[in-house]
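Here the structure is laid out as structure tokens; the discussion comes afterwards.
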Amino acid sequence: MNNTYLWTAVAVMFVFTYLPRVLPLLLVGKRIKSPFLLAFFRYVPYVVLTSLTIPAIFYSTRTVWGAAAGFVTALWLAARNKPMIQVALAGALAVLVTESLLQLI
Amino acid sequence: MRREEFREGLITSIPIALGYLAVSFAFGIHATATGLSPIMSTIISLTSLSSSGQFAGVGIMAAAGSYVELALAVLTINLRYILMSLSLTQKLAPMPLWHKLIIGYAVTDEIYAAAIGRDKDVTRDYYVGLMLLPVLGWTMGTLLGASLGALLPQDVVNALGIALYCMFIALVVPPARKDKSILRAVLLTAALSLALAYLPGVRALSAGWRVILLALAVPAGLAWRDTRAGGTAV
Chain A
1 MNNTYLWTAV AVMFVFTYLP RVLPLLLVGK RIKSPFLLAF FRYVPYVVLT SLTIPAIFYS
61 TRTVWGAAAG FVTALWLAAR NKPMIQVALA GALAVLVTES LLQLI
Chain B
1001 MRREEFREGL ITSIPIALGY LAVSFAFGIH ATATGLSPIM STIISLTSLS SSGQFAGVGI
1061 MAAAGSYVEL ALAVLTINLR YILMSLSLTQ KLAPMPLWHK LIIGYAVTDE IYAAAIGRDK
1121 DVTRDYYVGL MLLPVLGWTM GTLLGASLGA LLPQDVVNAL GIALYCMFIA LVVPPARKDK
1181 SILRAVLLTA ALSLALAYLP GVRALSAGWR VILLALAVPA GLAWRDTRAG GTAV
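Residue numbers (this note's numbering), protein chains in the order written: chain A, 1 to 105; chain B, 1001 to 1234.
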């Protein structure tokens, strides 16, 4: 990876993150009315976050078993409406404990 | 400048900033693990301020993906910000253009949620108060994770690799439990994502393209179904 490529990539990320945030603020004064567009945009965040998480979460740590333990822990705590920071740290802790136990076996 | 507005934003943002600090620490570790320098990782966090966008972006950079793939992936993942900013325009106190240029930088899932949940109009000073600590937390957390990650025990670094995904789960599960249509979208996406990742033929598709494809097709299909059935969209 050379530096020109990387810094250009950082700039590309910035531009395509900033534009969708700022353009509506600058251009839109009235409410959007299209029921299709409203429904479309309402689904986007959940579809994006789910497709980023599955299946990648199972490869995010050393073993699939550790990751599965973290996944289940996070699901359980999130279902009980625990705050983001608690879900994230408990998930990581579950991975740490599970993988340490696996190494003992 | 109205100090009480600024203060109110600042206080509301403290839990957001703490969450960002922890999660961006994991991002810093992740980004340096893919070969980026701590400075570059930190500048990515400062300029993008978007966990899912920069997370996918770093993956594409590590795979030396094309600028087109990178731009499309980041844009698609960030399509939701269009909706958030659109709904924010309905609540924003009148302000000059250059103030909107600053506020627009910090429309994130959590900051947006705090602003839209406020019982009063969202003023410039309130929003600036709201964004300052989370931006600081997100940037400093990345710098700390990227530079100190190497000093932590390998087992801990390894376990923190899951933290970002757990944050995504924390954002998705509560609304999915409340709303059947969101639950349906989540389950459908999970099934299709698994199919695209493992079925022969389509499995050659990179993770970045997979997200782009799903983020356009699934919402379009479900929105078409919702509006065709004649039900209300929201």
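Glycine residues also receive a C-beta, built at the ideal position from the N, C-alpha and C atoms.
Pairing threonine 1032 of chain B with asparagine 3 of chain A, the inter-Cα distance amounts to about 15 Å. When beta bridges are read from the DSSP output, valine 1122 of chain B appears opposite B:Leu1092. Taking a contact as a CB-CB distance under 8 Å, the pair threonine 1189 of chain B and valine 1218 of chain B counts as one, their CB atoms being some 5 Å apart. Counting along the chain, phenylalanine 36 of chain A sits inside the alpha helix (DSSP H) bounded by residues 35–53. Assignment of glycine 1161 of chain B by DSSP, reduced to helix, strand and coil, places it in the coil class.
Only those residues of the region 1139–1159 of chain B whose C-beta falls short of 8 Å from the nearest C-beta of chain A are listed: Asp1155, Val1156, Asn1158 and Ala1159. In this structure, lysine 1091 of chain B keeps its C-beta atom at 8 Å or more from the C-beta atom of isoleucine 1111 of chain B.
If you draw a straight line from the Cα of leucine 1072 of chain B to the Cα of isoleucine 1212 of chain B, it is about 7 Å long.
Neighbours of valine 72 of chain A in chain B, taken as residues whose beta carbon is under 9 Å from its own, are absent, since the nearest beta carbon is some 10 Å off.
For alanine 78 of chain A, the nearest beta carbon of chain B is closer than 8 Å to its own beta carbon.
Per DSSP, the continuous alpha helix (DSSP H) segment holding proline 24 of chain A begins and ends at 3–27.
Under the Cβ criterion of 8 Å, isoleucine 105 of chain A is not counted among the residues facing chain B.
Per the C-alpha coordinates, the member of B:Ser1087, B:Arg1203 and B:His1030 positioned closest to alanine 1159 of chain B is B:His1030. Secondary structure note for isoleucine 1077 of chain B: its alpha helix (DSSP H) is the uninterrupted segment 1067–1077. For alanine 1031 of chain B, no Cβ of chain A is located within less than 8 Å of the residue's own Cβ.
Put simply, of A:Leu96, A:Pro45, A:Met13 and A:Phe16 the residue whose alpha carbon is nearest the alpha carbon of alanine 69 of chain A is A:Leu96. Note that the C-beta distance between asparagine 1078 of chain B and serine 1050 of chain B is below 8 Å.
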